[in-house]
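Enquirer: In the working numbering, the protein residues as written are 2 to 163.
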Ligand SMILES: [Cu+2]
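1) Between which two residues does the beta strand (DSSP E) containing residue 80 stretch?
2) Under the criterion of a Cβ to heavy atom distance below 7 angstroms, does residue 49 qualify as lining ligand 1?
3) Report the option in 84, 39, 57 whose CA atom is closest to the CA atom of residue 67.
4) Under 8 angstroms by Cβ, that's how I've got residue 114 and residue 50 pegged, so tell me the actual separation to the nearest angstrom.
5) When we look at the beta-carbon of residue 37 and count the other beta-carbons within 10 Å, is it buried (16 or more) or exposed?
6) Which residues are close to ligand 1, meaning CB closer than 5 angstroms to any heavy atom, in chain order?
7) Using three-state DSSP, classify residue 94 as helix, strand or coil.
8) Is residue 142 helix, strand or coil by DSSP?
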């Protein structure tokens with residue numbers, strides 16, 4: 002009995018440590034998307050969209066699609082290290098898992114919504130309406146603000162070098 006209590010105490014501590022995402026408030030029973038930013042203004046054929054997704058629901062979900070006007074093809078990507086080289090690739094099944102109670106951040110050099118083959122120009126400060134599709138939560142309309150990229154992000158540099 003005593004061992005069981007110790008075990009569950011450890012579990013509580015671990016859970017508490019994992020729970021505090023930057024955006025924090027896992028809003029009551031909701032899937033919350035924040036800080037939607039478009040890295041779309043560079044004079045390059047491709048771009049990326051980043052955001053923070055907090056799953057405040059009791060069940061696992063996944064981002065499975067995104068529609069971005071002005072982008073020919075949109076895919077869900079990740080960056081991975083392959084033999085010391087950073088590569089980007091499409092998520093398996095084009096699916097970014099958003100586990101229950103967790104915050105998943107799409108950011109430079111990591112998970113991202115990939116805009117392949119821009120069909121229009123984007124300017125810094127512009128608002129871009131984006132439709133996200135989640136496995137369970139269905140579709141959600143969010144607005145991305147095109148931000149000054151400052152510098153190229155790793156995923157932009159892909160295919161540029163060699
Ligand atoms: Cu990508």
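Think of the CB as a built atom: it goes at the ideal place given N, C-alpha and C, for glycine as much as any other residue.
Expert: According to the structure data:
1) 72-83
2) yes
3) 39
4) At roughly 4 angstroms, the Cβ-Cβ gap stays under 8 angstroms, so residue 114 and residue 50 are in contact.
5) So residue 37 counts as buried.
6) 78, 89, 115, 156
7) helix
8) strand
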